[in-house]
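Asks:
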Amino acid sequence: MVDHLANTEINSQRIATVENCFGASGQPLAVPGRVLLGEGILTKERRKKPKPRIFFLFNDILVYGSIVINKRKYNSQHIIPLEDVTLETLPDTLQMKNRWMIKTSKKSFVVSAASLTERKEWISHLEECIRHLLTKTGRQPSTEHAAPWIPDKATDICMRCTQTKFSTLTRRHHCRKCGFVVCGDCSKQKFLMPRLSPKPLRVCSLCYRQLMAEEKREGGDQRQPEQIHSAKPGYEASSGEDSDKSDDDKVDQWPADAEFYTSVVSWSSFHN
1 MVDHLANTEI
11 NSQRIATVEN
21 CFGASGQPLA
31 VPGRVLLGEG
41 ILTKERRKKP
51 KPRIFFLFND
61 ILVYGSIVIN
71 KRKYNSQHII
81 PLEDVTLETL
91 PDTLQMKNRW
101 MIKTSKKSFV
111 VSAASLTERK
121 EWISHLEECI
131 RHLLTKTGRQ
141 PSTEHAAPWI
151 PDKATDICMR
161 CTQTKFSTLT
171 RRHHCRKCGF
181 VVCGDCSKQK
191 FLMPRLSPKP
201 LRVCSLCYRQ
211 LMAEEKREGG
221 DQRQPEQIHS
231 AKPGYEASSG
241 EDSDKSDDDK
251 VDQWPADAEF
261 YTSVVSWSSF
271 HN
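Sequential numbering from 1 applies to the sequence shown in UniProt numbering.
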């Protein structure tokens with residue numbers, strides 16, 4: 001399919017359509033050899049509650065964003081290199097079915113499809129693209145992945161001390177190493193994890209001790225203390241997990257006569 005669509009006018013039109021839908025807030029997506037294989041709406045599990053997101057599968061990247069006006073405008077664009085992706089099928093829950101996890105070195109999250117058939121199709125196409133990329137580059141599959149964040153509603157108490165109860169005044173935080181929901185007292189430290197961020201990130205007390213022990217075993221610490229941890233109050237709330245958290249309710253002005261998915265461009269879940 002990739003060889004058939006590469007360098008064709010229909011592929012160029014499809015990519016241009018996606019770029020137009022993201023507008024100035026998105027990054028350019030047209031590069032030589034890149035093919036848009038399909039698109040669809042998946043439900044993404046988030047810190048507070050699941051939200052629909054538009055996903056576009058290219059032969060080398062996975063792009064997703066928030067839906068402002070379906071098939072007309074999207075924002076909060078995220079681009080994930082497929083060679084960094086590992087997939088894991090997950091069991092159904094009462095709230096969500098047809099789930100799987102998209103794991104990368106920087107971020108891992110759970111999505112769900114509308115049907116079992118749709119999930120199988122997504123996973124099949126993703127795995128094929130990943131296999132092709134790894135074969136082409138000679139790289140091995142990624143083995144280090146960021147921990148997915150456990151949703152806020154999964155617990156009413158701190159998952160470390162199991163004593164502190166969350167409330168309006170006692171806020172939830174997330175450890176960037178294990179993804180647990182923890183209280184402020186159990187996540188006073190920060191640790192520099194270059195794989196995830198150039199800045200020190202909030203970690204729970206247990207992960208902090210483990211990270212310090214690992215660093216000591218590997219030859220000591222060469223960084224300044226302020227790069228490793230801080231006991232100062234006033235950390236950011238863990239709502240920063242999803243940068244598109246507030247975009248769902250924003251509907252910007254968009255030309256009423258603008259055409260994006262025209263009859264010239266044939267769209268389906270996965271393009272033939």
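Ideal placement from N, C-alpha and C gives every residue a C-beta, glycine not left out.
In its own chain, which residues sit with a C-beta less than 8 Å from the C-beta of Val-85, not counting the 5 before and 5 after it?
Replies: What you label residue 85 is simply residue 85 of the sequence shown in a count that begins at 1. Taken in chain order, the residues that qualify are Leu-62, Ile-102, Lys-103, Thr-104, Leu-126, Ile-130 and Ser-142.
Asks: Under the assumption that Glu-144 contacts Arg-195 (Cβ atoms under 8 Å), give the Cβ distance between them as a whole number of angstroms.
Replies: Here the question's residue 144 lines up with position 144 in the sequence shown. Here the question's residue 195 lines up with position 195 in the sequence shown. Indeed they touch by this definition, with Cβ atoms about 7 Å apart.
Asks: Which residue marks the beginning of the beta strand (DSSP E) containing Lys-73, and which one marks its end?
Replies: As a first step, residue 73 must be located in the sequence shown, where it is residue number 73. Looking at the DSSP string, the run of the beta strand (DSSP E) that includes Lys-73 is 73–81.
Asks: Leaving out the 5 sequence neighbours to the left and right, which residues in its chain are closer than 7 Å to Leu-90 when beta-carbon positions are compared?
Replies: The sequence position of residue 90 within the sequence shown is 90, counting from 1. Around Leu-90: Arg-99, Trp-100, Met-101 and Val-110.
Asks: Buried or exposed: which applies to Ala-114, given that a residue is buried once 16 or more other Cβ atoms fall within 10 Å of its Cβ?
Replies: Within the sequence shown, residue 114 is the residue found at index 114, counting from 1. When all chains shown are included, Ala-114 counts as exposed.
Asks: What does the alpha-carbon distance come out to for the pair Phe-180 and Ala-147?
Replies: Walking along the sequence shown from the start, residue 180 turns up at place 180. Walking along the sequence shown from the start, residue 147 turns up at place 147. If you take the alpha carbons of Phe-180 and Ala-147, they lie about 9 Å apart.
Asks: Under the three-state reduction of DSSP, which class applies to Phe-56: helix, strand or coil?
Replies: Taking the sequence shown and counting its residues from 1, one reaches residue 56 at position 56. Correct three-state label for Phe-56: strand.
Asks: Comparing alpha-carbon positions, which option in His-173, Glu-214, Leu-37 and Lys-71 lies nearest Arg-53?
Replies: Taking the first residue of the sequence shown as position 1, residue 53 is located at position 53. If we check each option's Cα against that of Arg-53, Lys-71 comes out closest.
Asks: Determine the DSSP secondary structure at Thr-104, reduced to helix, strand or coil.
Replies: Residue numbering aside, residue 104 sits at position 104 when the sequence shown is read from its first letter. Looking at Thr-104 - three-state DSSP - the assignment turns out to be coil, as it is neither helix nor strand.
Asks: Which stretch, first to last residue, makes up the alpha helix (DSSP H) that contains Phe-22?
Replies: Translated into the one-based positions of the sequence shown, residue 22 becomes position 22. Its alpha helix (DSSP H) spans residues 9–22.
Asks: Smallest Cα separation from Leu-206: which of Glu-9, Cys-178, Asn-75 and Glu-121?
Replies: Within the sequence shown, the letter at position 206 stands for residue 206. For the residues Glu-9, Cys-178, Asn-75 and Glu-121, the minimum Cα distance to Leu-206 belongs to Cys-178.
Asks: Rounded to a whole number of angstroms, what is the C-alpha to C-alpha distance between Gly-26 and Gln-163?
Replies: What you label residue 26 is simply residue 26 of the sequence shown in a count that begins at 1. What you label residue 163 is simply residue 163 of the sequence shown in a count that begins at 1. If I take the Cα positions, the gap works out to 43 Å.
Asks: Drop a sphere of 10 angstroms on the beta-carbon of Ser-76, count the other beta-carbons inside from all chains shown, and report buried for 16 or more, exposed for fewer.
Replies: In the sequence shown, counting from the first residue as 1, residue 76 sits at position 76. Under this definition Ser-76 is a buried residue.
Asks: Go through its chain and collect everything with a Cβ distance to Glu-236's Cβ below 6 Å, but skip five positions before and after it.
Replies: Translated into positions along the sequence shown, residue 236 becomes position 236. Summary for Glu-236: the model assigns pLDDT 34, below 50, so the residue's position carries little reliability; its value from the coordinates is reported in the next sentence. Cβ within range, chain order: n/a, list empty.
Asks: Assuming Asp-156 contacts Lys-165 (C-beta within less than 8 Å), just tell me the rounded distance between them.
Replies: Counting from 1 along the sequence shown, the entry for residue 156 is found at position 156. Counting from 1 along the sequence shown, the entry for residue 165 is found at position 165. The Cβ separation is near 6 Å, so the contact holds.
Asks: Is the beta carbon of Tyr-74 less than 7 Å from the beta carbon of Cys-21?
Replies: Translated into positions along the sequence shown, residue 74 becomes position 74. Translated into positions along the sequence shown, residue 21 becomes position 21. Yes, these two residues count as a Cβ contact at 7 Å.
Asks: Considering only DSSP beta bridges, list what Lys-44 is partnered with.
Replies: Counted from its first residue, the sequence shown places residue 44 at position 44. Partner(s): Lys-51 and Val-111.
Asks: With distances taken between CB atoms, is the gap from Val-35 to Leu-82 smaller than 7 Å?
Replies: Position 35 of the sequence shown, counted from the first residue, corresponds to residue 35. Position 82 of the sequence shown, counted from the first residue, corresponds to residue 82. The answer is no: Cβ separation not under 7 Å.
Asks: Is it right to say Thr-170 is buried, meaning 16 or more other beta carbons lie within 10 angstroms of its own, or is it exposed?
Replies: Working through the sequence shown from its first residue, we reach residue 170 at position 170. The residue in question, Thr-170, is exposed, as its Cβ has fewer than 16 Cβ neighbours within 10 Å.
Asks: Where His-78 and Gln-95 are concerned, what is the direct C-alpha to C-alpha distance, given to the nearest angstrom?
Replies: Taking the sequence shown and counting its residues from 1, the one referred to as residue 78 is at position 78. Taking the sequence shown and counting its residues from 1, the one referred to as residue 95 is at position 95. Rounded to whole angstroms, His-78 to Gln-95 spans 25 Å at the Cα level.
Asks: Once DSSP output is grouped into helix, strand and coil, what is the label at Ser-66?
Replies: For the purposes of this step, residue 66 is taken as residue 66 along the sequence shown, with counting starting at 1. Three-state DSSP puts Ser-66 in a strand.
Asks: At the level of alpha carbons, what is the spacing between Thr-186 and Cys-161?
Replies: Your numbering for residue 186 matches position 186 in the sequence shown. Your numbering for residue 161 matches position 161 in the sequence shown. The question names Thr, yet the displayed sequence has Cys at residue 186. Approximately 7 Å, taken between the alpha carbons.
Asks: What are the boundary residues of the alpha helix (DSSP H) that Gln-95 is part of?
Replies: Taking the first residue of the sequence shown as 1, we reach residue 95 at position 95. Note, Gln-95: premise wrong, no alpha helix (DSSP H); not H, not E.
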